[in-house]
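In the working numbering, the protein residues as written are 1 to 79.
Here a beta-carbon is modelled for each residue, glycine too, at the ideal position from N, C-alpha and C.
Working notes, structure below.
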Amino acid sequence: MCLGIPAKIISITDKESATALVETAGVKREACISLLSLQGNSFDDLIGQWVLLHVGFAMAVIDQDEALRTLALLASLEG
């Protein structure tokens, strides 16, 4: 089973390699945002946006409400 996790783009770390710093539930990591640029998004406009993150790749921009609901659901599954 594959699972996409909501993450918020904090900053663009390298435009040339299309990487950004993203945060999920307080955990920050680097992620590839090249797929988002292929969808017509400019890197600067992505800062502050929520994305669906899967194995280090931001797959799509998602709505903040959807992101927060998903994170709450995942937190409730922890135990």
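Query, Result
"Taking all protein chains shown into account, do 16 or more other C-beta atoms lie within 10 angstroms of the C-beta of V51, making it buried, or fewer, making it exposed?", "buried"
"Hey, which unbroken runs of the beta strand (DSSP E) at 3 residues or more fall wholly within the segment 25-63?", "27-32, 50-54 and 57-62"
"Do E30 and K8 count as a contact pair if the criterion is CB distance below 7 angstroms?", "no"
"Buried or exposed for A25, please, with buried defined as at least 16 other CB atoms from any protein chain shown within 10 angstroms of its CB.", "exposed"
"Helix, strand or coil for A7 per DSSP?", "strand"
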